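In what follows, a single structure is set out as structure tokens and then discussed.
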Amino acid sequence: MNSERLVETFVELADTLVDDFDVIDFLHMLADRCVELLDVDAAGLLLADQKGRLQLIATSNEQARLLELFQLQNDEGPCLDAFATGARVSHADLANAGQRWPRFTAAATEMGFAAVDAVPMRLRSEVIGALNLFRNQTGELDAGALRTATALVDVATIGLLQHRSINHHQVLTEQLQAALNSRVVIEQAKGLVAERLQVDMDTAFAALRGYTRGHNLKLSRVAHEVIAGTINTTELLSAATKTKPLRR
Amino acid sequence: MVRPTTSRLTRVFGWIADKAIERDEPVSVGVLCQTAVARLDVHGAVLTMDTSGWPEVRDATDALGERLTELQVTVGEGPAVDVWHGDGPALVADLDAPSSQARWPMFAPLAVEAGAAALFALPLCVGAIRVGVLSLHRTETGHLDAAALTDSLAFAELALRLLLDEQAGRDTADSIADDVLSLHHPQVHQATGMVAAQLDVSMADAFAHLRARSFVEQTPLSGLAADVVTRRRRFDRDEERP
Numbered sequence: 001m002n003s004e005r006l007v008e009t010f011v012e013l014a015d016t017l018v019d020d021f022d023v024i025d026f027l028h029m030l031a032d033r034c035v036e037l038l039d040v041d042a043a044g045l046l047l048a049d050q051k052g053r054l055q056l057i058a059t060s061n062e063q064a065r066l067l068e069l070f071q072l073q074n075d076e077g078p079c080l081d082a083f084a085t086g087a088r089v090s091h092a093d094l095a096n097a098g099q100r101w102p103r104f105t106a107a108a109t110e111m112g113f114a115a116v117d118a119v120p121m122r123l124r125s126e127v128i129g130a131l132n133l134f135r136n137q138t139g140e141l142d143a144g145a146l147r148t149a150t151a152l153v154d155v156a157t158i159g160l161l162q163h164r165s166i167n168h169h170q171v172l173t174e175q176l177q178a179a180l181n182s183r184v185v186i187e188q189a190k191g192l193v194a195e196r197l198q199v200d201m202d203t204a205f206a207a208l209r210g211y212t213r214g215h216n217l218k219l220s221r222v223a224h225e226v227i228a229g230t231i232n233t234t235e236l237l238s239a240a241t242k243t244k245p246l247r248r
Numbered sequence: 001m002v003r004p005t006t007s008r009l010t011r012v013f014g015w016i017a018d019k020a021i022e023r024d025e026p027v028s029v030g031v032l033c034q035t036a037v038a039r040l041d042v043h044g045a046v047l048t049m050d051t052s053g054w055p056e057v058r059d060a061t062d063a064l065g066e067r068l069t070e071l072q073v074t075v076g077e078g079p080a081v082d083v084w085h086g087d088g089p090a091l092v093a094d095l096d097a098p099s100s101q102a103r104w105p106m107f108a109p110l111a112v113e114a115g116a117a118a119l120f121a122l123p124l125c126v127g128a129i130r131v132g133v134l135s136l137h138r139t140e141t142g143h144l145d146a147a148a149l150t151d152s153l154a155f156a157e158l159a160l161r162l163l164l165d166e167q168a169g170r171d172t173a174d175s176i177a178d179d180v181l182s183l184h185h186p187q188v189h190q191a192t193g194m195v196a197a198q199l200d201v202s203m204a205d206a207f208a209h210l211r212a213r214s215f216v217e218q219t220p221l222s223g224l225a226a227d228v229v230t231r232r233r234r235f236d237r238d239e240e241r242p
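Sequences listed follow chains A and B, in order. The numbering of the first sequence is UniProt numbering, which starts it at 1 and goes up by one. The numbering of the second sequence is UniProt numbering, which starts it at 1 and goes up by one.
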């Protein structure tokens, strides 16, 4: 692992944790860095809503089938197990996971994934979500990558709480609910952009994100403004064509 | 895997249904507010909607609740105003605390003067679709404990469903158990965005069209949404009569 890049990432994440930061942007950055630093092929962060259901908040890749793979884990899969037990769940070879998670394994294998890890996000005794890592090659995640993953997950938890944690439960509820709803706003904006520009959901998301970066805005703010009509969807088109598709 | 999900919603809905029987009234957001006061260790509950750009009281269990809403409209700030414009709840255990007074310099002192000590404002929304705010207040300071907090979110979700069903002229009791809103499916929200573009309507109207279509065709909302997202189905402006 590139330790210089690792240090840069933590500095970058710490820099993000200032006033007025956007949880969704922060967690998306974290998912991207997981792919880059841990040498995995896809990463996603799921948080439990007030009903104990895992909701995807951020992912390194917005491909529809990958979103389904995260969502499926409300029924079975490593994230559900990590969430239920509070322990890390790994499967180094999905070819042998069919009995444990039949539907999850079928869907993951179909996407070309060969190994999976789920690291619980913990806040004291409470498990609030999980980081899900997918790899195209079989085998265990190495010890260094695992330590980094755990550290990134801890940073994600801190990010969710920001730094005004007096009563963690109230703050966590406020932040979690806001993050969950922001995610819904982003999905609605993706749909709007996909239809207006006649592109698929991945491209719509890339357009939103490209515009966000290009204008130094927050993703959830851009999503709101696209819906409100204060950002014109055609302006997004140039952002879409400029943005390189993310890995995998 | 046991879903705390439906069971908690069902339990809270059961409380509301019991209250409705006790009061010999149909289930409504008014009954929901009464039930929240009885179950959550709060002194009052107010449901506000925002048709004019400012919160308007739809139901209030006490005069203090009405007063708190009126104050927020008058000074133009407050937890319900923030919640309406933001994405998450505002949970204020002590309105007299320096942080509360700093956040709402005009509203907080007036709210304390009016007799409120704690205020919990919960959004009733689906992404960008804003339906209302459920506010719970106390005359003594203090947080909602973890169980009450979770129940309060269930009350908020049920209030959201009641209002959406009311707007669609439908009975919520039918939809509690099977979670027909399918709000956890990302495709439902993507489809809402696509239909908003196809019909050139707001997200709220697009969502209403989707739900109405799913109801008429007796298909699950998530299935219909998947068809829209994969472009097997389109909504046509001429076919849709709101």
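Ideal Cβ positions, reconstructed from N, Cα and C, are used throughout, including at glycine. All figures in this text were calculated on a predicted structure; none of them were measured in a lab.
A Cβ of chain B is located within less than 8 Å of the beta carbon of K51 (chain A).
Residues of chain B whose Cβ lies closer than 7 Å to the Cβ of R196 (chain A) are, in chain order, A197. Contact check for L30 (chain A) against L176 (chain A) fails: the beta carbons are separated by 8 Å or more. The three-state reading of DSSP puts F113 (chain A) in coil, since its state is none of H, G, I, E or B. Under the 8 Å criterion on CB atoms, A93 (chain B) is classed as interfacial with respect to chain A.
At a cut-off of 8 Å between beta carbons, G78 (chain B) makes no contact with chain A.
In summary, the residues of the stretch 62 to 74 of chain A whose CB is separated from some CB of chain B by less than 8 Å are A64, L67, Q71, N74, in the order they occur in the chain. Residue environment for R124 (chain A): exposed (fewer than 16 other C-beta atoms within 10 angstroms of its C-beta). When the alpha-carbon of D59 (chain B) is set against those of B:A108, B:L144, B:V37, B:Q218, the nearest one is in B:V37.
Exclusion of the five residues before and after P120 (chain A) leaves A82, G86, V127, A130 as the residues of its chain whose Cβ lies within less than 6 Å of its Cβ.
The three-state reading of DSSP puts L40 (chain B) in coil, since its state is none of H, G, I, E or B. For D87 (chain B), the nearest CB of chain A lies under 8 Å from its own CB, placing it at the interface with that chain. Assignment of R122 (chain A) by DSSP, reduced to helix, strand and coil, places it in the strand class. Proximity of P186 (chain B) to chain A, defined by a Cβ-Cβ separation below 8 Å, is satisfied. Here the stretch 68 to 83 of chain B does not lie against the stretch 146 to 158 of chain B, with fewer than 3 beta-carbon pairs under 8 Å apart.
Here S202 (chain B) carries a coil assignment [DSSP, helix/strand/coil]. The contact set of G30 (chain B) on chain A, defined by CB atoms closer than 9 Å, is empty, because the minimum CB distance reaches about 23 Å. Contact annotation for H189 (chain B) against chain A: V184, E187, Q188, G191 [CB-CB distance below 7 Å, chain order]. Looking from the CA of S3 (chain A), the closest CA among A:R147, A:E235, A:Q170, A:V226 belongs to A:R147. When beta bridges are read from the DSSP output, C125 (chain B) appears opposite B:R130. Not a single CB atom of chain A sits nearer than 8 Å to the CB of T74 (chain B). Judged by DSSP secondary structure, Q55 (chain A) falls within the beta strand (DSSP E) whose first and last residues are 54 to 59. Going by DSSP, L45 (chain A) is part of the beta strand (DSSP E) stretching over 42 to 48.
For E56 (chain B), no alpha helix (DSSP H) segment is defined; the enclosing uninterrupted segment is the beta strand (DSSP E) at 56 to 60.
Rounded to whole angstroms, the separation of the alpha carbons of A63 (chain B) and A194 (chain A) is 47 Å.
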